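S.K.: Letter by letter, the sequence shown follows residues 9 to 291 in this note's numbering.
For glycine and all other residues, C-beta sits at the position ideal for the given N, C-alpha and C.
Everything numeric in this text was worked out from a predicted model, so none of it was measured.
Structure incoming, see below.
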Amino acid sequence: MSAVTDTAPVAVPKGVLGQSVRDSLVIAHRNLIRMARIPEMLIFGLIQPIMFVVLFTYVFGGSIQIGSSSTTQAYREFLMAGIFAQTVTFATAGAGAGIADDMHKGLIDRFRSLPMARGAVLTGRTIADLVQTALTLVVLAVVAVIVGWRTHENFGKVLAGFGLLLLLGYAFSWIGALIGLSVRTPEAATSGGLIWLFPLTFISNAFVDANQMPSFLRHIAEWNPFSATVQACRELFGNLPPGFRTPDAWPMQHPVWASLIWSVLIILVFRTLAVRKYRSAGA
9 MSAVTDTAPV
19 AVPKGVLGQS
29 VRDSLVIAHR
39 NLIRMARIPE
49 MLIFGLIQPI
59 MFVVLFTYVF
69 GGSIQIGSSS
79 TTQAYREFLM
89 AGIFAQTVTF
99 ATAGAGAGIA
109 DDMHKGLIDR
119 FRSLPMARGA
129 VLTGRTIADL
139 VQTALTLVVL
149 AVVAVIVGWR
159 THENFGKVLA
169 GFGLLLLLGY
179 AFSWIGALIG
189 LSVRTPEAAT
199 SGGLIWLFPL
209 TFISNAFVDA
219 NQMPSFLRHI
229 AEWNPFSATV
239 QACRELFGNL
249 PPGFRTPDAW
259 PMQHPVWASL
269 IWSVLIILVF
279 RTLAVRKYRS
289 AGA
């Protein structure tokens, strides 16, 4: 005697790539739901960049000469690309802490036991972080406009500038993923995600003209991947002040290409390392 059991058909993605995309989107959706239920994550993430905008604009504005101008408006427009870039890169600490928290609670082990693409957990997490970063940039741009920031290029170039910022943020989120998988606690991931970001962002052209730095620091700033994106955004936003002398280094002369190359290279290297670490963690 045989029994027949009716089961609902299961939609299986075609190919490894299809499964990886589907699994990544499922994980991204899970993380976005989590972010929506904890809105203070987004709120607290906005406080620091908004403080930087207000403090740098009204405390340092007018006292720092950029190019041939030392007006508050010139420095405000020069500053905003740096603040935007700093905001997307500082999201690295949150990405690392989130993954470390999942590791600490055992969620990563549960995901690993499921029949899903190995890189999907990390890809989904970084996609969710990218969405959060985009929302943060929108709010920060509104605040910048309120305090007097303006762009002087067409809408397409402005969008391209924000696209480069999001690409840089996505690249750095993979660094955060690797850090989160490499430490034992979320607190350690937060510290590990920030300790190297401060010298990276301050030894750059984000807040001051790199031409005014000592020679050895100037060369570091000019080849800093962070500086390339900042310079590219200033050009795309039309925020280079009058009389500003662009450094002769290749990344500063071709900042859009330099930003793209740096971001893609960071994604390729750190995604490979993070996925490898994920596969070996707990083995």
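When you compare the CB positions of M221 and A214, do they come within less than 8 Å of one another, or not?
M.R.: No.
S.K.: Between M59, R242, V29, I211, which lies nearest to L130 when the distance is taken from Cα to Cα?
M.R.: Among M59, R242, V29, I211, the Cα nearest to that of L130 belongs to V29.
S.K.: With respect to the alpha helix (DSSP H) encompassing T280, which residues constitute its N-terminal and C-terminal limits?
M.R.: Looking at the DSSP string, the run of the alpha helix (DSSP H) that includes T280 is 263 to 288.
S.K.: Taking the straight line between their C-alpha atoms, what separation do you get for R162 and A240?
M.R.: The sequence shown places Asn at residue 162, not Arg. Approximately 15 Å between the Cα atoms of the pair.
S.K.: If you count every other CB in all the chains shown that lies within 10 Å of the CB of M88, and 16 or more means buried, which is it?
M.R.: Counting Cβ neighbours within 10 Å, M88 comes out buried, since at least 16 surround it.
S.K.: To the nearest angstrom, how far is the alpha carbon of R126 from that of L281?
M.R.: Near 13 Å, if we compare the C-alpha coordinates of L281 and R126.
S.K.: Would you give the residue range spanned by the alpha helix (DSSP H) that P207 belongs to?
M.R.: Run containing P207: 205 to 210, per the alpha helix (DSSP H) assignment.
S.K.: Mind checking whether T141 and L174 have CB atoms under 8 Å apart?
M.R.: Yes. Within cutoff.
S.K.: Based on Cα-Cα distance, which residue from W157, L167, F224 lies nearest to T65?
M.R.: That would be W157, whose Cα lies nearest to the Cα of T65.
S.K.: Please return the same chain residues whose Cβ sits closer than 7 Å to the Cβ of G200, not counting the five positions on each side in sequence.
M.R.: So the list reads G104, I187, V191, once near-sequence residues are dropped.
S.K.: Does the distance from the C-beta atom of T198 to that of A101 stay below 8 Å?
M.R.: A contact, by the Cβ cut-off of 8 Å.
S.K.: With 16 as the cutoff for other CB atoms within 10 Å, does W270 come out buried or exposed?
M.R.: Burial call: buried.
S.K.: Cβ-heavy atom distance between F245 and the ligand MG below 7 Å?
M.R.: Ligands are entirely absent from the displayed structure, and the ligand MG is therefore not among its contents.
S.K.: Which of the three DSSP states is assigned to L248 in this structure?
M.R.: Residue state, collapsed to three classes: coil.
S.K.: For V292, does the three-state DSSP call read helix, strand or coil?
M.R.: Given that the chain is displayed from residue 9 to residue 291, the structure contains no residue 292 and the question cannot be resolved.
S.K.: Nearest-angstrom Cα distance between L208 and L115?
M.R.: Rounded to the nearest angstrom, the two C-alpha atoms are 32 Å apart.
S.K.: Is N162 helix, strand or coil when you go by DSSP?
M.R.: Coil, per DSSP.
S.K.: What would DSSP say about M260, mapped onto helix, strand or coil?
M.R.: Reduced to three states, the DSSP call for M260 is helix.
S.K.: Any idea if P123 is buried or exposed, counting beta-carbon neighbours within 10 angstroms, 16 or more meaning buried?
M.R.: So P123 counts as exposed.
S.K.: Between the alpha carbons of L248 and H112, how many angstroms are there, rounded?
M.R.: Taking the straight line from one Cα to the other gives about 46 Å.
S.K.: Determine the direct distance from the alpha carbon of D256 to that of R279, and round the result to whole angstroms.
M.R.: Cα-Cα distance, rounded: 32 Å.
S.K.: Do the CB positions of F234 and T97 come within less than 8 Å of each other?
M.R.: Contact: yes.
S.K.: Got a sec? Which residues, its chain only, sit under 8 Å from A93 by beta carbon, not counting five neighbours each side?
M.R.: Closer than 8 Å at Cβ, skipping near neighbours: L173, L176, T209, A214, F234, T237, V238, C241.
S.K.: Just verifying my parser: in three-state terms, what is the DSSP assignment at A16?
M.R.: With a pLDDT of 42 at A16, under the threshold of 50, the predicted position of this residue should be treated as unreliable, and no value is reported.
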